[in-house]
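A.B. asks: Number 281 in the UniProt record's numbering belongs to position 281 of the sequence shown; there are no gaps in the numbering.
Even for Gly, the Cβ is constructed at its ideal location relative to N, Cα and C.
Structure in structure tokens, see below.
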Amino acid sequence: MSVDSQPAIDRTRSADVASVPVEPRGLGLRTMRRSRGTVVLAVFVALLAYVVVWPLIHLQQRAFEHAGRGYSTAFGTDGVMQVIRDTVVLSGASTLIAAILGTGLAWAVTQLPSWLQWMRVLPLLPIVLPMVAVVLGWGFLLSPRPGFLNTALRQLPWWSHLESGPVDVYSFWWIVVITGFALTAFVYLFVSAGVQNVSADHIEAAHSSGATTTRVFFTIVLPLLRPSLIQGIGVAFLLGVGQFTAPLLLGSNVGIDVVATWMLMFTANSPIDYGAAAAMGSPLLVIGLLVILAQRAALGDQRRFVTHGSKGFRAAGNPSVFAPIAVGLYFLLSTLLPLMALVLVAVSPFWSGSPGDFTLANIRTVLTDDRIVGALQTSVVASVGAALVVLPIGFTAAVVLVRNQQNRILKWLLDVLVALPLGVPAVVFGVGFLLAYSTAPFNLYGTTWVVVLVYATLMLPFATRTLTSGLIALGETYTEASRACGATPIQTWLRIVVPLLRGSIAGAGAIIFVMLTHEFSASLLVRAPTVQVMGTLLYDYWTNGQFPVVAAMALVMTIVTGLGVCVAMFVGGRNAMQNL
Numbered sequence: 001m002s003v004d005s006q007p008a009i010d011r012t013r014s015a016d017v018a019s020v021p022v023e024p025r026g027l028g029l030r031t032m033r034r035s036r037g038t039v040v041l042a043v044f045v046a047l048l049a050y051v052v053v054w055p056l057i058h059l060q061q062r063a064f065e066h067a068g069r070g071y072s073t074a075f076g077t078d079g080v081m082q083v084i085r086d087t088v089v090l091s092g093a094s095t096l097i098a099a100i101l102g103t104g105l106a107w108a109v110t111q112l113p114s115w116l117q118w119m120r121v122l123p124l125l126p127i128v129l130p131m132v133a134v135v136l137g138w139g140f141l142l143s144p145r146p147g148f149l150n151t152a153l154r155q156l157p158w159w160s161h162l163e164s165g166p167v168d169v170y171s172f173w174w175i176v177v178i179t180g181f182a183l184t185a186f187v188y189l190f191v192s193a194g195v196q197n198v199s200a201d202h203i204e205a206a207h208s209s210g211a212t213t214t215r216v217f218f219t220i221v222l223p224l225l226r227p228s229l230i231q232g233i234g235v236a237f238l239l240g241v242g243q244f245t246a247p248l249l250l251g252s253n254v255g256i257d258v259v260a261t262w263m264l265m266f267t268a269n270s271p272i273d274y275g276a277a278a279a280m281g282s283p284l285l286v287i288g289l290l291v292i293l294a295q296r297a298a299l300g301d302q303r304r305f306v307t308h309g310s311k312g313f314r315a316a317g318n319p320s321v322f323a324p325i326a327v328g329l330y331f332l333l334s335t336l337l338p339l340m341a342l343v344l345v346a347v348s349p350f351w352s353g354s355p356g357d358f359t360l361a362n363i364r365t366v367l368t369d370d371r372i373v374g375a376l377q378t379s380v381v382a383s384v385g386a387a388l389v390v391l392p393i394g395f396t397a398a399v400v401l402v403r404n405q406q407n408r409i410l411k412w413l414l415d416v417l418v419a420l421p422l423g424v425p426a427v428v429f430g431v432g433f434l435l436a437y438s439t440a441p442f443n444l445y446g447t448t449w450v451v452v453l454v455y456a457t458l459m460l461p462f463a464t465r466t467l468t469s470g471l472i473a474l475g476e477t478y479t480e481a482s483r484a485c486g487a488t489p490i491q492t493w494l495r496i497v498v499p500l501l502r503g504s505i506a507g508a509g510a511i512i513f514v515m516l517t518h519e520f521s522a523s524l525l526v527r528a529p530t531v532q533v534m535g536t537l538l539y540d541y542w543t544n545g546q547f548p549v550v551a552a553m554a555l556v557m558t559i560v561t562g563l564g565v566c567v568a569m570f571v572g573g574r575n576a577m578q579n580l
């Protein structure tokens, strides 16, 4: 064989080898990992769906039992249509008040002088303050006979002849006003964030054309705030539909009821009818679904509202002298006056229109009474436990929503699941959890665990959205650098991502704790005689007429909430509430 013939043999062998398909190195391993990741994600979504959706399914099952007896009982009761009508009017009117005040406040804070920028946080306080404390404060202020403000108004010549009034807080429209004040904070939260995203280019162009500040607001800023307005108004309306605290404490004794209070009536009054309570929750579910669909239809393509230019938002002209007055007036009415009324009643031996001798006996009772101390401990334990449960779940969901580019169907389902508790009133979840977890195989009724579960479910949207914002702000630079250095995904998350998100996680946990320590609606449905939280025990004292003790309890709840807010601001930074 000649040397010259050897290359031909080599080429033949090369051709034979090339004709054999060779799997790229690592492709099978990556495919296996991707499949395993899909299975893990599917299991996670399924477990989350069970926790979130199963109580709602159980609710409908109970309503349809015995040929739909729950529906026939609930909707055959006298006055049910009036209750539904009052619910819709309450939510609609209070949302209108909130939309006007919230939008006005969001614009007003942009006109604050630099040394009053701290006032931006004042409209947010009703979100974290116990709603039950604010409602009770208004009751102490405007109760027809002993209310502090009514007593003062009767000193004026116009009303000096009256023995009660002139204002009756136990009326439908005053319940609407108080609810509107509370919901204003939510609209303000959305709209103020939207205002900061309006480019100064648009504002300056309008002013250059001779437009006044008022005209700029109505013709330029307000149309560009449409997404923020729709989101804020939608959330406010959903909260208004499920409004429970003000109608229960101020309206039930005078015949003013809404759907949420009727659900409590069917579960608390004899004969107990869980089927009817479940059926009464159906209108709230339908309304919530319609609001969410209406939001999506109204927003459409949100790219139409992109306004970022070369400059961020900046208020034009000199600061307004009316801006701090507007913000201060809202703070006075929504927060300061009710809290002052609580303090006056809490340090009085009895509730009267004219405070007399002051005493600390009610405060001592709250701090020493075994039932109250036990309820406070249960509130703290359940709130901390729920935060510890929901934060890992919310973090996992946030990672999937931000970083997972495959499994779009599972990702969409996860997004819907974590948002669902925000669209369903807490009282509906309360009844659902009561029915789902009070029977075999769980039998959690009468334990703190059922409170922890319903709390964790209610806080799922807040935990997920807060941590989602943190992950988006973090970006992928650090994780890519970690992978380039050979770190495994677990090492990257534990050593890089989690430490960098420590502030966001701690801030989210603190805010969740704050919101849960004064949760009232769901707690009142899942409580038991042996398991009480502060809000539910406070309601018992209120119905028994022990008003000074009630005021002292509400004051303690407010102090605990205030300490939680301080912790949230410390660990999450000054923007902890905006991040929420």
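If you drop the 5 nearest sequence neighbours on each side, which residues of the same chain put their C-beta closer than 7 Å to that of alanine 522?
C.D. replies: In the sequence shown, the residue the question calls residue 522 occupies position 522. So the qualifying residues of the chain are Ala426, Val427, Phe429, Gly430, Val454, Leu458.
A.B. asks: Measure the Cβ-Cβ separation of methionine 553 and leucine 563 and say whether it is below 8 Å.
C.D. replies: Taking the sequence shown and counting its residues from 1, one reaches residue 553 at position 553. Taking the sequence shown and counting its residues from 1, one reaches residue 563 at position 563. Result no, Cβ atoms of methionine 553 and leucine 563 do not sit closer than 8 Å.
A.B. asks: Suppose only complete runs of 4+ residues qualify. What are the alpha helix (DSSP H) ranges in the segment 418-451, listed by chain order?
C.D. replies: The segment 418-451 contains these whole alpha helix (DSSP H) runs: 426-436.
A.B. asks: Apart from the five residues on each side of it in sequence, which residues of its chain come closer than 7 Å, Cβ to Cβ, to alanine 106?
C.D. replies: Indexing the sequence shown from 1 puts residue 106 at position 106. Excluding sequence neighbours, alanine 106 sits near Tyr188, Val191, Ser192, Val195.
A.B. asks: Would you tell me roughly how many angstroms separate the C-alpha atoms of valine 291 and threonine 103, rounded to the nearest one?
C.D. replies: Taking the first residue of the sequence shown as 1, we reach residue 291 at position 291. Taking the first residue of the sequence shown as 1, we reach residue 103 at position 103. Cα to Cα, the separation comes out at about 20 Å.
A.B. asks: By DSSP, does serine 2 sit in helix, in strand, or in coil?
C.D. replies: If you number the sequence shown from 1, residue 2 lands on position 2. Caution is warranted here: a pLDDT of 46 is assigned to serine 2, below 50, making its placement in the model unreliable, and no coordinate value can be reported.
A.B. asks: Considering asparagine 362, what are the terminal residues of the alpha helix (DSSP H) in which it resides?
C.D. replies: Against the sequence shown, residue 362 aligns to sequence position 362. Per DSSP, asparagine 362 belongs to the alpha helix (DSSP H) from 361-368.
A.B. asks: Compute the Euclidean distance between the alpha carbons of leucine 142 and phenylalanine 244, then round it to the nearest angstrom.
C.D. replies: Residue 142 sits at position 142 when you count from the first residue of the sequence shown. Residue 244 sits at position 244 when you count from the first residue of the sequence shown. Straight-line Cα distance between these residues: approximately 19 Å.
A.B. asks: Let me know the secondary structure DSSP gives arginine 303 once reduced to three states.
C.D. replies: In the sequence shown, counting from the first residue as 1, residue 303 sits at position 303. Residue confidence is low: arginine 303 scores 46 on pLDDT, short of 50, so the model does not pin down where it sits. Its coordinate-derived value is still stated next. Helix.
A.B. asks: Pick helix, strand or coil for alanine 568, following the three-state DSSP scheme.
C.D. replies: Taking the first residue of the sequence shown as position 1, residue 568 is located at position 568. It is helical.
A.B. asks: Assuming tryptophan 173 is part of the alpha helix (DSSP H), what are its boundary residues?
C.D. replies: As a first step, residue 173 must be located in the sequence shown, where it is residue number 173. Looking at the DSSP string, the run of the alpha helix (DSSP H) that includes tryptophan 173 is 172-196.
A.B. asks: Got a sec? Which residues, its chain only, sit under 6 Å from leucine 56 by beta carbon, not counting five neighbours each side?
C.D. replies: What you label residue 56 is simply residue 56 of the sequence shown in a count that begins at 1. Excluding sequence neighbours, leucine 56 sits near Gly432.
A.B. asks: In chain order, what residues of the same chain have a beta carbon less than 8 Å from the beta carbon of leucine 125, not counting five sequence neighbours either side?
C.D. replies: Sequence index remark: in the sequence shown, residue 125 carries index 125 (1-based). Answer for leucine 125: Ala185, Phe331, Ser334, Thr335, listed in chain order.
A.B. asks: Taking 8 Å as the cut-off, decide whether the C-beta atoms of serine 383 and leucine 248 are in contact.
C.D. replies: Counting from one through the sequence shown, the residue named residue 383 turns up at place 383. Counting from one through the sequence shown, the residue named residue 248 turns up at place 248. No, Cβ-Cβ distance for serine 383 and leucine 248 is not below 8 Å.
A.B. asks: Report all residues from its chain with a CB closer than 6 Å to the CB of leucine 391; omit the five preceding and five following residues, and keep chain order.
C.D. replies: Position 391 of the sequence shown, counting from 1, holds the residue named residue 391. Counting only Cβ-Cβ distances below 6 Å, and skipping sequence neighbours, we find Ala463, Gly509.
A.B. asks: Helix, strand or coil: how does DSSP classify valine 533 here?
C.D. replies: Taking the sequence shown and counting its residues from 1, one reaches residue 533 at position 533. Coil at valine 533, not helix or strand.
A.B. asks: Here's the rule: buried if 16 or more other CB atoms are within 10 angstroms of the residue's CB, otherwise exposed. What is serine 379?
C.D. replies: Locating residue 379 in the sequence shown gives position 379, where the first residue counts as 1. It is buried - the Cβ of serine 379 has at least 16 other Cβ atoms within 10 Å.
A.B. asks: Is the segment 498-514 close to the segment 411-419, with three or more CB pairs under 8 Å?
C.D. replies: Too few Cβ pairs lie closer than 8 Å, so no.
A.B. asks: For leucine 285, I'd like the list of residues in its chain whose CB is within less than 8 Å of its CB, leaving aside the five on either flank, ordered along the chain.
C.D. replies: Counted from its first residue, the sequence shown places residue 285 at position 285. These residues qualify, in order along the chain: Leu56, Val424, Val428.
A.B. asks: Between the beta-carbon of tryptophan 173 and the beta-carbon of proline 338, is there less than 8 Å?
C.D. replies: Position 173 of the sequence shown holds residue 173. Position 338 of the sequence shown holds residue 338. Contact: no.
A.B. asks: Among residues of its own chain, excluding the 5 on either side of leucine 500, which ones have a beta-carbon nearer than 7 Å to its beta-carbon?
C.D. replies: Translated into the one-based positions of the sequence shown, residue 500 becomes position 500. Same-chain partners within the cutoff: Leu474, Tyr478.
A.B. asks: Count the C-beta pairs between the segment 234-244 and the segment 265-274 that are closer than 8 Å, then say yes if the count reaches three, no if not.
C.D. replies: Because the criterion of three Cβ pairs below 8 Å is not met, the segment 234-244 and the segment 265-274 do not touch.
A.B. asks: Short check: CB of alanine 326 to CB of isoleucine 233, under 8 Å?
C.D. replies: For this step, residue 326 is matched to residue 326 along the sequence shown. For this step, residue 233 is matched to residue 233 along the sequence shown. No; because the gap between Cβ atoms is not below 8 Å, this pair is not in contact.
A.B. asks: Does the beta-carbon distance from threonine 95 to leucine 183 come in below 8 Å?
C.D. replies: Along the sequence shown, read from residue 1 onward, the residue named residue 95 stands at position 95. Along the sequence shown, read from residue 1 onward, the residue named residue 183 stands at position 183. Cβ atoms of threonine 95 and leucine 183: closer than 8 Å.
A.B. asks: Give the DSSP bridge partners of alanine 528, in chain order.
C.D. replies: Position 528 of the sequence shown holds residue 528. Note: alanine 528 sits in a beta bridge opposite Val531.
A.B. asks: Are the CB atoms of valine 451 and valine 550 nearer to each other than 8 Å?
C.D. replies: Taking the first residue of the sequence shown as position 1, residue 451 is located at position 451. Taking the first residue of the sequence shown as position 1, residue 550 is located at position 550. No, these two residues do not count as a Cβ contact at 8 Å.
A.B. asks: List, from N- to C-terminal side, the alpha helix (DSSP H) runs of 4 residues or more that fit wholly inside the segment 132-176.
C.D. replies: As far as the segment 132-176 is concerned, its whole alpha helix (DSSP H) runs of at least 4 residues are 148-153.
A.B. asks: According to the Cβ coordinates, are leucine 467 and alanine 398 closer than 8 Å?
C.D. replies: Position 467 of the sequence shown, counted from the first residue, corresponds to residue 467. Position 398 of the sequence shown, counted from the first residue, corresponds to residue 398. Against a cut-off of 8 Å, the Cβ pair of alanine 398 and leucine 467 comes out as a contact.
A.B. asks: Please go through the same chain and pick out, in chain order, the residues whose beta-carbon is closer than 6 Å to the beta-carbon of valine 533, but skip the five residues on each side of it.
C.D. replies: What you label residue 533 is simply residue 533 of the sequence shown in a count that begins at 1. Ala375, Thr378, Ser379, Ser523, listed in sequence order.
A.B. asks: Are there 16 or more other CB atoms within 10 angstroms of the CB of alanine 73, so buried, or fewer, so exposed?
C.D. replies: Taking the first residue of the sequence shown as 1, we reach residue 73 at position 73. In the sequence as displayed, the identity of residue 73 is threonine instead of alanine. Its Cβ being crowded by 16 or more others within 10 Å, threonine 73 is buried.
A.B. asks: Pick out whichever of Ser352, Gly70, Pro271, Gln295 has its Cα sitting closest to the Cα of proline 227.
C.D. replies: Locating residue 227 in the sequence shown gives position 227, counting from the first residue. Of the listed residues, the one whose Cα sits closest to proline 227 is Gln295.
A.B. asks: Skipping 5 residues on each side, what residues in its chain have a beta carbon closer than 8 Å to that of isoleucine 472?
C.D. replies: What you label residue 472 is simply residue 472 of the sequence shown in a count that begins at 1. Taken in chain order, the residues that qualify are Val402.
A.B. asks: Is it the case that the Cβ atoms of threonine 254 and aspartate 86 are separated by a distance below 8 Å?
C.D. replies: For this step, residue 254 is matched to residue 254 along the sequence shown. For this step, residue 86 is matched to residue 86 along the sequence shown. Looking at the sequence itself, residue 254 is valine, so the reference to threonine does not match. No. Outside cutoff.
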